[in-house]
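Student: Numbering (the working numbering), first residue to last: 1 to 336.
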Amino acid sequence: MTLPVLHYQPWGETLQEQLAAARAAEEAGAAVVWAPELHRSAVVTAAALAESTVTAGVGTGIALAFARSPLLTALSALDLDELSGGRLRLGLGTGVRRLNEDWHGVAWDKPVRRLRETVAAIRLLVAGAHTGERLTFDGADVRLDVRGYRRPYPPVRDHIPIYLAGVGPAMTALAGEVGDGWLSHELCPPRYLDATVLPRLRASGRPLEVVVSACCAVDDDPAAARAAAANVVGFYASVRTYADLFAFFDLAAAQDRVVEAFRAGRPADALADAVDPVMVDRLTLAGTPSDVAARLAEYAGLADAVKLGPPTYGLPPARIRALQENLLRLIRELAS
Numbered sequence: 001m002t003l004p005v006l007h008y009q010p011w012g013e014t015l016q017e018q019l020a021a022a023r024a025a026e027e028a029g030a031a032v033v034w035a036p037e038l039h040r041s042a043v044v045t046a047a048a049l050a051e052s053t054v055t056a057g058v059g060t061g062i063a064l065a066f067a068r069s070p071l072l073t074a075l076s077a078l079d080l081d082e083l084s085g086g087r088l089r090l091g092l093g094t095g096v097r098r099l100n101e102d103w104h105g106v107a108w109d110k111p112v113r114r115l116r117e118t119v120a121a122i123r124l125l126v127a128g129a130h131t132g133e134r135l136t137f138d139g140a141d142v143r144l145d146v147r148g149y150r151r152p153y154p155p156v157r158d159h160i161p162i163y164l165a166g167v168g169p170a171m172t173a174l175a176g177e178v179g180d181g182w183l184s185h186e187l188c189p190p191r192y193l194d195a196t197v198l199p200r201l202r203a204s205g206r207p208l209e210v211v212v213s214a215c216c217a218v219d220d221d222p223a224a225a226r227a228a229a230a231n232v233v234g235f236y237a238s239v240r241t242y243a244d245l246f247a248f249f250d251l252a253a254a255q256d257r258v259v260e261a262f263r264a265g266r267p268a269d270a271l272a273d274a275v276d277p278v279m280v281d282r283l284t285l286a287g288t289p290s291d292v293a294a295r296l297a298e299y300a301g302l303a304d305a306v307k308l309g310p311p312t313y314g315l316p317p318a319r320i321r322a323l324q325e326n327l328l329r330l331i332r333e334l335a336s
């Protein structure tokens, strides 16, 4: 069976448990471990992952691009690359308007242009912060004039790979134009990837690593696996941003029923009973170990890597922990 390279997003009720899961994933054969940014800081978690692993790459998956200045992001990336011995992948994404403006108090207008400029500024700073030269960037949204500054530590690398998260056509195309890699959200089945995403990523003709994220629920009882993944599907279905994905699989009406439940007052992470089982089957990797292995093989030749993680939405820690153990066991079996 031909499989893509496997990455992993470790879960933990505590940071120590998350780090233990990362070590277990590395030992099982995962090539990269990723640190998300929502309930924890991606930068701090990535630093801990770098210290807790030896060979696996370490990624921020994803850090918010606009909530930090380009200089602070570049310095954090240089620190993480040093700490990891050159294993960092800097994953960046815009987030949505409400997250930026209401939670972080930063501008979000014209996010594609702003992210393009942010990436260029970060690359300028990573390559030149140690030289002492004046570094300037004059964009529409991002401006720099760094003079009288020299970072007195030699960089491990002058180029740190930047992976961009993108959902819509413009942001996905941007990843293809300027990114070293692209990172998807948790619902990106092979047929959708092939038909809609890859043409946008490949339009520029530049090489980049395509990393698909996948909600992966492994259980000897396939019904239990699908039930565990249902809240993840419900969460994404409650957001109209993902309407094109559901429509592609003829699930627009099914998404509407989830949206109705959400607008009636249901929490976004507790919509499982409003989710049609067909949605779970088409959009997640949920089932027995052999079921999931077969679904993973469908990404071969399309994705360079698949970032796996257990479902977490609306589940008690004990259940997430058991699903993570099942998933790590499967990674070990597939890598052997």
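Every residue gets a Cβ at the ideal spot worked out from N, C-alpha and C, and that includes glycine.
Could you tell me which of S213, P207, L71 and D81 sits nearest to T284, measuring between CA atoms?
Tutor: Here the closest residue by C-alpha is S213.
Student: Short check: CB of G132 to CB of R89, under 9 Å?
Tutor: For G132 and R89, no; Cβs fall outside 9 Å.
Student: Go ahead and label K307 buried or exposed: buried means 16 or more other beta carbons lie within 10 angstroms of its beta carbon, across all protein chains shown.
Tutor: By the 10 Å Cβ count, K307 comes out buried.
Student: For a minimum of 4 consecutive residues, which ranges assigned as the alpha helix (DSSP H) are wholly contained in the segment 97-152?
Tutor: DSSP runs (the alpha helix (DSSP H)) wholly in the segment 97-152: 111-128.
Student: Are the CB atoms of R321 and E13 nearer to each other than 9 Å?
Tutor: Closer than 9 Å, so yes.
Student: With a threshold of 8 Å, are at least 3 pairs of Cβ atoms found where one atom belongs to the segment 236-252 and the other to the segment 179-189?
Tutor: Enough Cβ pairs lie closer than 8 Å, so yes.
Student: What would DSSP say about T172, mapped onto helix, strand or coil?
Tutor: Three-state DSSP puts T172 in a helix.
Student: Taking A323 as the reference, give the member of D304, T288, R200 and E298 with the closest Cα.
Tutor: Per the sequence shown, residue 323 should be read as Leu rather than Ala. Of D304, T288, R200 and E298, the residue nearest in Cα terms is T288.
Student: DSSP puts Y8 in a beta bridge; with which residues?
Tutor: In the DSSP output, where bridge partners are listed per residue, Y8 has V33 and L308.
Student: Any idea which residues DSSP pairs S213 with across the strands?
Tutor: Paired residue(s): K307.
Student: If you measure between the beta carbons of V121 and H159, is that distance less than 9 Å?
Tutor: In the sequence as presented, Val is not what sits at residue 121; that position holds Ala. Not a contact, by the Cβ cut-off of 9 Å.
Student: Going by other Cβ atoms of all chains shown within 10 Å of its Cβ, with 16 needed for buried, is D180 buried or exposed?
Tutor: Burial call: buried.
Student: If you pair each beta-carbon of the segment 67-86 with each one of the segment 106-126, do three or more pairs fall below 8 Å?
Tutor: Flag = yes, the segment 67-86 and the segment 106-126 touch.
Student: Measure from the alpha carbon of G95 to the alpha carbon of each residue in V167, A293, V258 and Q16, then state which is nearest.
Tutor: Ranking V167, A293, V258 and Q16 by Cα distance to G95 puts V167 first.
Student: In whole angstroms, what is the alpha-carbon distance linking E82 and D276?
Tutor: Cα-Cα distance, rounded: 47 Å.
Student: Quick check on the burial criterion: 16 or more other C-beta atoms within 10 angstroms. Buried or exposed for G176?
Tutor: Per the 10 Å Cβ criterion, buried.
Student: Return helix, strand or coil for G287, following the three-state DSSP convention.
Tutor: Three-state DSSP puts G287 in a strand.
Student: Suppose you measure from the CA of G57 to the CA of H39; what does that come to, to the nearest Å?
Tutor: Roughly 22 Å between the two C-alpha positions.
Student: Could you have a look at A268 and say whether DSSP puts it in helix, strand or coil?
Tutor: In the structure shown, A268 sits in coil (DSSP, three-state: anything other than H, G, I, E or B).
Student: Using the three-state DSSP reduction, which class does V233 fall into: helix, strand or coil?
Tutor: Helix, per DSSP.
Student: Following the continuous alpha helix (DSSP H) through L347, name the residue where it begins and the one where it ends.
Tutor: The structure shown does not extend to residue 347, since the chain spans only 1 to 336, so no value can be given for it.
Student: Using C-beta distances below 7 Å, list every residue in its chain close to N326, excluding the 5 sequence neighbours before and after it, in chain order.
Tutor: Contacts found: V218 and D219.
Student: What's the call for V211, buried or exposed, on a 16-neighbour Cβ count within 10 Å?
Tutor: Buried, by the Cβ-count rule.
Student: Report the rounded CA-to-CA distance for A20 versus A140, giving the unit in angstroms.
Tutor: Using only the alpha carbons, I get a separation of about 43 Å.
Student: Please report the distance separating the alpha-carbon of L49 from that of P10.
Tutor: Straight-line Cα distance between these residues: approximately 10 Å.
Student: Thinking C-beta only, is A293 closer than 9 Å to L330?
Tutor: Yes.
Student: Using a Cβ-Cβ cut-off of 7 Å (strictly less than) and excluding sequence neighbours within five positions of A170, which residues of its own chain qualify?
Tutor: Cβ neighbours of A170 beyond the five flanking positions: V112.
Student: Straight-line CA distance for P338 to T2?
Tutor: Because the chain is modelled from 1 through 336, residue 338 falls outside the range shown and cannot be assessed.
Student: Go to V259, then tell me how far its beta strand (DSSP E) extends in each direction, as first and last residue.
Tutor: Here V259 belongs to no beta strand (DSSP E); instead the alpha helix (DSSP H) covers A252 to R263.
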